[in-house]
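Enquirer:
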Amino acid sequence: DKSNSYKLTYQASNQSLIFEISNGGLANSVSYDNADLMVGEFVHIGAQLYNDTLQIFLNGELKVSEYVAGESIDVTDSDIVIGSSFKGYLDEIRIWNKGKNAQELWQDHSRYVASGEAELAVYLRVAANAGNYCYDVSKTGDNFNNNHAMMTSDNLWRVGENDSPTESQLSAAGYTDQDGNYTVVVP
731 DKSNSYKLTY QASNQSLIFE ISNGGLANSV SYDNADLMVG EFVHIGAQLY NDTLQIFLNG
791 ELKVSEYVAG ESIDVTDSDI VIGSSFKGYL DEIRIWNKGK NAQELWQDHS RYVASGEAEL
851 AVYLRVAANA GNYCYDVSKT GDNFNNNHAM MTSDNLWRVG ENDSPTESQL SAAGYTDQDG
911 NYTVVVP
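Mind the numbering: the sequence shown is residues 731 to 917 in the numbering used here, read in order.
Okay, structure coming up:
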C-alpha cells in the first residue's frame with residue numbers, strides 16, 4: 731500500500747485480491763474473486779498497470795485484466811506499507827518502474843532477480859528476518875535505491891525451512907529470448 735498511489739490487498743472473507751491505483755484523487759481498481767490462497771502453499775501474486783490496463787496475476791498467470799483509459803500511477807513521497815491486516819508469510823516484494831508483458835511476468839514470477847536489473851525500483855527480501863525492517867537491495871548503477879520498508883506485523887517473517895518456497899517455486903533461472911540469446915541471472 732502506497733498512500734495516494736497504489737494498493738494491493740487480499741480480503742480473506744471473500745478470497746478477493748484487489749489492485750487499486752490513484753491519480754489526482756481518483757481511484758480505479760480491479761479485483762480477482764475466489765483467489766484461493768492455500769495455507770502452506772507458495773503463491774506469487776503480481777499486479778500492474780500495463781498499457782492502460784490493470785492486471786492481477788497468480789503464479790505468473792493472468793487472472794484478470796481491465797482497461798482504464800489514460801491512467802498512470804501517482805509518484806508520491808508516502809511510505810510503502812506492507813502487511814496491514816495480512817496473515818501469512820512473505821518472501822520477496824518487488825516493485826518495478828515498468829509494466830511487463832505476459833511472457834516477462836511468467837518468466838520472472840519464479841526466479842530470483844539481480845539487484846541491478848533495469849527498472850527495478852524496490853527489491854525487498856523479506857525472508858532476511860531483520861526485526862521489523864526490510865532492506866531494499868535494488869540499485870541503479872552502483873547506487874542502492876534505499877527504498878527500505880517497515881513491516882506492520884511480526885507474523886510476516888518466515889520462521890523455518892518449511893515456510894520457504896521450494897527450488898521449483900523460486901530459484902535462479904535462465905531464458906532464451908526471441909533472438910536466441912540465452913541469459914542466466916544469478917543474484
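By construction, the Cβ of each residue, glycine as well, lies at the ideal position given by its N, Cα and C atoms.
Beta carbon of ALA844, beta carbon of ASN877: below 8 Å?
Expert: No, Cβ-Cβ distance for ALA844 and ASN877 is not below 8 Å.
Enquirer: Considering only the beta carbon of each residue, do ILE803 and SER735 sit closer than 8 Å?
Expert: Contact: yes.
Enquirer: Going by alpha carbons, who is nearest to TYR819 out of MET768, GLU791, LEU788, GLU834?
Expert: Of the candidates MET768, GLU791, LEU788, GLU834, the one whose C-alpha sits nearest the C-alpha of TYR819 is MET768.
Enquirer: With DSSP as the reference, label ALA785 as helix, strand or coil.
Expert: For clarity, residue 785 is Gln in the given sequence; the question names Ala instead. It is a strand residue.
Enquirer: Quickly, what does DSSP pair MET880 with across the bridge? List them, please.
Expert: Paired residue(s): TYR863.
Enquirer: If you measure between the beta carbons of GLU849 and ASN831, is that distance less than 8 Å?
Expert: No, the pair does not count as a contact, with Cβ atoms beyond the cut-off.
Enquirer: From the DSSP output, which residues share a beta bridge with TYR853?
Expert: TYR853 pairs with ARG824.
Enquirer: If you draw a straight line from the C-alpha of LEU854 to the C-alpha of HIS839, how long is it?
Expert: Looking at the two C-alpha atoms, the distance is approximately 15 Å.
Enquirer: Going by alpha carbons, who is nearest to GLY790 out of ASP872, ALA777, ASP782?
Expert: Per the Cα distances, ALA777.
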